[in-house]
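Q: Following this message is one structure expressed as structure tokens.
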Amino acid sequence: MPGPAVTVLVATLGENPLLPEALRQAQEQAAALPAEVLLVVNAPEAAFPAAYRDAWRALAHRVLFEERSGKSHALNRGVAEARGAIVAFLDDDATPAPRWLESITAPLRAGASGVAGCGGRVLPVYPAGGPPEWYRRIVARGPSTFLGPYHDLGPLPQEYRRGIFLAPFGANCAYRRELLLQYPYRAELGPSRATGLRGGEDTEVACRLRAHGWRLLYCPDAVVYHPVEPARMTRDYVARGYYIQGVENVRMRRILGEVTIAAGYARVRLARSWARWALASLLRRRSRHRLAFRVQFHRGQIQEILRPGARP
Numbered sequence: 009m010p011g012p013a014v015t016v017l018v019a020t021l022g023e024n025p026l027l028p029e030a031l032r033q034a035q036e037q038a039a040a041l042p043a044e045v046l047l048v049v050n051a052p053e054a055a056f057p058a059a060y061r062d063a064w065r066a067l068a069h070r071v072l073f074e075e076r077s078g079k080s081h082a083l084n085r086g087v088a089e090a091r092g093a094i095v096a097f098l099d100d101d102a103t104p105a106p107r108w109l110e111s112i113t114a115p116l117r118a119g120a121s122g123v124a125g126c127g128g129r130v131l132p133v134y135p136a137g138g139p140p141e142w143y144r145r146i147v148a149r150g151p152s153t154f155l156g157p158y159h160d161l162g163p164l165p166q167e168y169r170r171g172i173f174l175a176p177f178g179a180n181c182a183y184r185r186e187l188l189l190q191y192p193y194r195a196e197l198g199p200s201r202a203t204g205l206r207g208g209e210d211t212e213v214a215c216r217l218r219a220h221g222w223r224l225l226y227c228p229d230a231v232v233y234h235p236v237e238p239a240r241m242t243r244d245y246v247a248r249g250y251y252i253q254g255v256e257n258v259r260m261r262r263i264l265g266e267v268t269i270a271a272g273y274a275r276v277r278l279a280r281s282w283a284r285w286a287l288a289s290l291l292r293r294r295s296r297h298r299l300a301f302r303v304q305f306h307r308g309q310i311q312e313i314l315r316p317g318a319r320p
């Protein structure tokens, strides 16, 4: 019998209480294509009780354990062992909307010319009462942000433009497997307890594919809902996120072969952000929170530029 056309890949640390529901939803949609659900646990198998392992195997077609720390390692392991020619990615705490899998893989299954992958909408689900007003304003400033996370380019299909760091989110995307084998996720990026980073691997691989002439499509009908824990809506968490994003920004530019901004220029940007934040704070302007986070972004850039052993 032929193998599945699509593999739904879910990478996890094995700690998220929402994982079983994510697997159930993926399994339900996989049955219609057909597709397989592949769970990759980024930890040693012996780290979990047998009851956990048995429960996961009941909810996924296959379960793998990747001991190398870092989500990029888990993703690459899953891609290498996927049986589908198309790999769709879903976070371990995300809830796919009806027909998500059909929508996110449709252009690839149809053989769209020059298309390497697709991305869909990622909509945050807030706890009762919603987010703080300052948080809501920052999320609303653009179509895509790690806050939430949130990714919504609107109701119309379109192609992701080249030359900007706007790319499909790892929580909701699909790629041709053969291309991810050729352009794997970079271990220097992505959520990892070893590096302290929170992401960047999804953006980098998308930028690399576009740099080699491949197209990426935005599929607005492919929607996943992502819960936002209260701890993610604190100023400390968001400030740390902006700092890490500054680190990831410079690291991605290095990997992609782009000219990295000089430390002196980054310091000038940092000083300007500090000055604007100080003025906004003095005048109690609503923009002071955003400017404070921008300061952290530039701090992260400088830290990565000056990191010992990092290539220019």
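Just remember that the numbering used here sits 8 ahead of the position in the sequence shown, which is counted from 1. Here a beta-carbon is modelled for each residue, glycine too, at the ideal position from N, C-alpha and C.
#1: Restricting to runs no shorter than 4 residues, where is the alpha helix (DSSP H) found entirely within the region 142 to 204?
#2: Check whether the Cβ atoms of Ile252 and Ala182 sit closer than 7 Å, and answer yes or no.
#3: Reducing DSSP to helix, strand and coil, say where Gln309 ends up.
#4: By the 10 Å Cβ neighbour count, where 16 or more other Cβ atoms means buried, how is Gln166 classified, buried or exposed?
#5: Use the C-beta contact count for Ser200: other C-beta atoms within 10 angstroms, 16 or more gives buried, fewer gives exposed.
#6: I'd like to check one pair, Thr20 with Asp100: are the Cβ atoms closer than 7 Å?
#7: Could you pull out every residue in the same chain whose Cβ sits closer than 6 Å to the Cβ of Asn180, ignoring the five residues on either side in sequence?
#8: Identify, in the order they occur along the chain, each residue of the same chain with its Cβ nearer than 7 Å to the Cβ of Arg223, setting aside the five sequence neighbours on each side.
#9: Need the endpoints of the beta strand (DSSP E) that Tyr250 sits in, please.
#10: What three-state label does DSSP hand Asp210 in the structure shown?
#11: Please report the distance separating the alpha-carbon of Gln309 from that of Arg218.
#12: So the candidates are Pro25, Ala58, Ala39; which of them puts its Cα closest to the Cα of Gly11?
#13: Suppose contacts are defined by Cβ-Cβ distances below 7 Å. Is Ser80 in contact with Tyr193 by that definition?
#14: Using the Cβ count rule (16 or more neighbours within 10 Å means buried), how would you classify Gln37?
A: Let's see:
#1: 185 to 190
#2: no
#3: Helix at Gln309.
#4: exposed
#5: With at least 16 other beta carbons inside 10 angstroms of its own, Ser200 counts as buried.
#6: yes
#7: Gly128, Val130, Val232
#8: Gly122, Val123, Ala124, Glu167
#9: Not the beta strand (DSSP E): Tyr250 falls in the alpha helix (DSSP H), residues 243 to 263.
#10: helix
#11: 24 Å
#12: Ala39
#13: yes
#14: buried
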